[in-house]
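Numbering-wise, the sequence shown is residues 57 to 540 according to this note's numbering.
Reviewing the structure listed below.
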Amino acid sequence: MMLNDPDACYQALLSRDGRFDGRFYVGVSSTGIYCRPVCRVRTPKPENCRYFPSATAAEAAGFRPCLRCRPEQAPGRAPIDATARLVQAAVGLVEERLDAAWTVESLAARVGVTPRHLRRLFEATFGLAPSAYLARRRIQVARQLLAASELPIGEVALAAGFRSLRCFNQSFRTHCGMPPGQIRRSPVDADGSGSFPLAWRAPYDWDAMCGFLGRRAIPLVEAVVHDGARPGYRRVVGLRDDQGNGPTGWVSVTPGDHGLTVRISAALLPRFPAVLARLRRLFDLDCDPQEVGAVLGSVAARRPGLRLPGSVDGFETSVRAILGQQVSVQAARTLATRLVERFGGAIDTPWPDLRRAFPPPAVLAAQPAEALAALGILPARARAIIGLAGAVERGDLMLVPNADVGATRAALLALPGIGPWTAEYILMRALSWPDAFPEGDVGIHKALGIDKRAEVARRAEDWRPWRAYAVIHLWQHLEDGHEP
């Protein structure tokens with residue numbers, strides 16, 4: 057592990073190499089501040105440096121975040137192995153509902169391990185026990201929300217998971233050395249929204265990401281916009297449970313030189329960690345393109361900054377995948393628009409072309425197949441959508457990142473109208489599974505210039521564990537008009 061080699065960490069610090077951004081953090085004993093390894097401030101002396109696996113570990117050791125490099129912006133790590141996915145599953149639950157009364161026992165039960173094992177995993181990954189991680193994360197979230205919004209301090213405390221304002225004030229003073237009100241920044245957006253930065257690892261092919269999402273965007277719900285030098289993205293976001301309960305609002309995303317700026321509507325601000333986590337997955341901001349490229353080789357050489365598009369709502373993406381079976385992309389968009397107009401909830405946004413939330417599983421599960429068929433959806437696909445919605449509503453199917461891949465694949469294939477290609481596409485997008493591979497995909501065969509499925513499968517073995525990235529690269533080859 058790199059942290060066991062302080063000399064290597066210091067060399068990375070000297071080089072400000074973006075490959076190490078988010079892989080470790082450096083605390084400077086002479087200032088009491090911790091930074092990302094890419095921070096542009098003067099490099100401290102090696103004897104004043106301490107290295108940490110996470111921002112929460114640095115703060116637990118008494119270091120304050122650098123206001124210049126903003127450690128909370130750093131990209132994370134894409135979870136590949138089982139251990140990493142278990143930890144990220146637990147972290148994902150916390151990010152979705154930081155205001156919940158989480159305990160080590162309740163978190164462990166949700167991810168299917170013992171509390172003792174979860175403690176070991178957290179200590180190995182973050183250098184902290186789950187309870188300490190949670191306490192630090194709540195302070196981080198409160199600090200971000202105070203700086204980016206005008207929410208009353210009492211609402212900030214509740215959003216960060218504190219049960220009383222007194223407890224919040226005391227904890228904030230202890231960890232930050234100042235009262236909560238002192239961290240307020242002004243001005244903030246007049247409509248009550250808040251803006252948050254998200255970093256990526258270069259290179260990042262933003263135009264290709266917007267092209268992929270734009271071709272598949274569901275009108276009324278999301279849009280890629282071209283009102284500036286570079287495209288932007290905005291959409292309706294529902295932080296709802298499977299019954300449709302929970303806040304709904306909007307986000308607007310604009311690119312910069314080193315990452316994104318995300319504007320979040322006032323309705324979603326108390327749950328902004330969940331919003332940012334979903335957008336990190338949608339835009340695949342935790343990917344290390346050099347790590348992927350080293351495995352894919354020539355397949356990734358033309359567009360080294362390509363990412364694996366994820367999902368804001370796994371159920372929405374899965375329904376969209378079913379609608380896209382054996383029809384053109386435009387035909388699938390037309391059907392999705394009709395579905396949203398008929399069953400989606402209305403919402404006000406600053407943009408007239410965004411005015412619907414995608415219908416939750418409970419709404420579609422309650423429909424007869426004839427209601428969907430009346431929209432032009434083939435009866436078999438209508439039944440597939442209703443079956444999928446019912447499975448999600450009952451809790452038989454979890455369409456979220458870090459869900460068990462094997463169990464999810466089996467549950468999908470057991471549903472009517474969902475075959476291997478659709479199941480793998482859902483794993484690739486809704487679960488952000490980097491090794492998903494839709495065998496038999498016509499585009500893959502065409503891009504490779506190979507007809508035999510067995511030969512493509514053999515070739516794909518060389519791309520593990522990044523086969524889904526190879527798929528995106530091959531589809532992009534076709535989009536760019538390249539010959540095999």
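Beta carbons: idealized from backbone N, C-alpha and C, even for Gly.
Predicted model only: the values in this text are computed from it and were never measured.
Span of the beta strand (DSSP E) around residue i
i: His-315; result: First, the residue type needs correcting, since residue 315 is Gly and not His in the sequence shown. Counting along the chain, the beta strand (DSSP E) containing Gly-315 begins and ends at 315-320.
i: Ser-488; result: Unbroken run through Ser-488: none, as it is neither H nor E.
i: Ser-308; result: 304-311
i: Phe-108; result: 105-108
i: Cys-50; result: Here the chain comprises residues numbered 57 to 540, so residue 50 is not present and cannot be evaluated.
i: Ala-255; result: 250-255
i: Arg-394; result: Run containing Arg-394: none in the beta strand (DSSP E); it sits in the alpha helix (DSSP H), 385-399.
i: Gly-446; result: First-last for Gly-446: 435-450, but that is the alpha helix (DSSP H), not the beta strand (DSSP E).
i: Arg-291; result: 288-294
i: Glu-278; result: 278-281
i: Val-82; result: 81-84
Opening and closing residue of the alpha helix (DSSP H) in which residue i lies
i: Gly-499; result: 498-504
i: Ala-421; result: 417-421
i: Gly-266; result: Before going further, note that residue 266 is Cys rather than Gly in the sequence given. It spans 262-272 - the alpha helix (DSSP H) in which Cys-266 sits, taken as one unbroken run.
i: Ala-429; result: 425-429
i: Val-527; result: 523-535
i: Leu-468; result: 461-469
i: Gly-370; result: 370-379
i: His-231; result: 221-232
Residue from the options with nearest C-alpha to residue i
i: Pro-121; options: Val-197, Gly-294, Cys-65, Leu-163; result: Val-197
i: Gly-315; options: Ala-180, Thr-99, Ser-308, Arg-257; result: Arg-257
i: Ser-327; options: Glu-347, Val-293, Pro-345; result: Here residue 327 is Arg; the residue named in the question, Ser, does not match the sequence. If we check each option's Cα against that of Arg-327, Val-293 comes out closest.
i: Leu-269; options: Arg-290, Val-318, Pro-259; result: Arg-290
i: Pro-435; options: Gly-400, Gly-217, Pro-472, Ala-333; result: Pro-472
i: His-533; options: Ala-350, Ala-377, Ala-357, Leu-391; result: Ala-357
i: Pro-186; options: Gly-168, Leu-163, Gln-129, Pro-208; result: Leu-163
i: Trp-262; options: Ile-195, Met-234, Gly-312, Arg-79; result: Gly-312
i: Gly-349; options: Asp-518, Ala-486, Pro-102, Thr-139; result: Asp-518
i: Ala-402; options: Gly-305, Leu-338, Leu-379, Ile-378; result: Gly-305
i: Ala-285; options: Ile-528, Thr-310, Ala-503, His-538; result: Thr-310
i: Ala-64; options: Pro-102, Phe-119, Gly-168; result: Pro-102
i: Pro-259; options: Ala-503, Arg-363, Glu-397; result: Arg-363
i: Pro-287; options: Pro-424, Ser-308, Ala-526; result: Ser-308
i: Trp-158; options: Arg-106, Glu-179, Leu-324, Ala-216; result: Ala-216
i: Ala-333; options: Leu-469, Val-160, Gln-129, Ser-86; result: Gln-129
i: Ala-303; options: Arg-336, Arg-394, Phe-119, Glu-152; result: Here residue 303 is Pro; the residue named in the question, Ala, does not match the sequence. For the residues Arg-336, Arg-394, Phe-119, Glu-152, the minimum Cα distance to Pro-303 belongs to Glu-152.
Through-space distance from residue j to residue i, alpha-carbon basis
i: Ser-523; j: Pro-490; result: It is Arg, not Ser, that sits at residue 523 in the sequence shown. If I take the Cα positions, the gap works out to 6 Å.
i: Leu-201; j: Pro-253; result: 12 Å
i: Val-498; j: Thr-464; result: 24 Å
i: Gln-381; j: Ala-438; result: 12 Å
i: Gly-462; j: Met-265; result: 27 Å
i: Val-150; j: Ala-156; result: 8 Å
i: Thr-405; j: Ile-320; result: 11 Å
i: Phe-228; j: Gly-353; result: 48 Å
i: Leu-455; j: Pro-100; result: 45 Å
i: Gln-346; j: Phe-224; result: 41 Å
i: His-78; j: Leu-530; result: Strictly speaking, residue 78 in this sequence is Gly, with His absent from that position. Looking at the two C-alpha atoms, the distance is approximately 28 Å.
i: Asp-297; j: Leu-154; result: 15 Å
i: Ala-140; j: Glu-206; result: 36 Å
i: Pro-476; j: Ala-492; result: 11 Å
i: Val-94; j: Cys-125; result: 8 Å
i: Met-484; j: Ala-279; result: 21 Å
i: Val-351; j: Ile-506; result: 20 Å
i: Ala-246; j: Ala-425; result: 45 Å
i: Lys-508; j: His-501; result: 8 Å
Residue i Cβ short of 7 Å to the ligand MG heavy atom set
i: Ala-526; result: The ligand MG is not part of the structure shown, which contains no ligands of any sort.
Nearest-angstrom Cβ-Cβ length linking residue i and residue j, presumed shorter than 8 Å
i: Tyr-81; j: Arg-72; result: Contact doesn't hold; Cβ gap of about 14 Å is too wide.
i: Val-281; j: Arg-412; result: Not really, about 17 Å apart at Cβ, beyond 8 Å.
i: Pro-131; j: Tyr-90; result: That pair is no contact at about 17 Å.
i: Ala-430; j: Glu-449; result: About 22 Å; that fails the 8 Å criterion.
i: Ala-188; j: Ala-116; result: 6 Å
i: Gly-183; j: Pro-109; result: 5 Å
i: Ser-249; j: Thr-317; result: Not quite, the Cβ-Cβ distance comes to about 12 Å (not below 8 Å), so this is no contact.
i: Asp-375; j: Ile-441; result: For the sequence presented, residue 375 should be read as Val rather than Asp. Confirmed, about 6 Å.
i: Val-167; j: Ala-145; result: 5 Å
i: Pro-457; j: Ser-488; result: 5 Å
i: Val-396; j: Ile-274; result: 6 Å
i: Gly-432; j: Leu-391; result: 6 Å
i: Thr-181; j: Val-143; result: 5 Å
i: Arg-75; j: Asp-344; result: 7 Å
i: Arg-106; j: Gly-88; result: Actually they are not in contact, since the Cβ atoms of Arg-106 and Gly-88 sit about 11 Å apart, beyond 8 Å.
i: Asn-104; j: Ser-85; result: 5 Å
i: Leu-295; j: Ala-322; result: The Cβ separation is near 13 Å, so there is no contact.
i: Arg-516; j: Ala-526; result: Strictly speaking, residue 516 in this sequence is Ala, with Arg absent from that position. Yes, Ala-516 and Ala-526 are in contact; Cβ-Cβ is about 7 Å, under 8 Å.
Should the stretch 377-386 be regarded as contacting the stretch 360-367, the criterion being three or more beta carbon pairs within less than 8 Å? Fewer than three beta-carbon pairs drawn from the stretch 377-386 and the stretch 360-367 are found closer than 8 Å, and the two stretches are therefore not classed as touching.
For the pair the stretch 471-484 and the stretch 507-521, tell me if three or more CB-CB distances fall below 8 Å. Contact between the stretch 471-484 and the stretch 507-521 is absent, because fewer than three Cβ pairs lie under 8 Å.
Touching by the beta-carbon criterion (3+ pairs, under 8 Å), the stretch 404-423 and the stretch 441-448: Result yes; three or more Cβ-Cβ pairs closer than 8 Å.
Is the stretch 208-221 close to the stretch 170-181, with three or more CB pairs under 8 Å? By the criterion of at least three beta-carbon pairs nearer than 8 Å, the stretch 208-221 is not in contact with the stretch 170-181.
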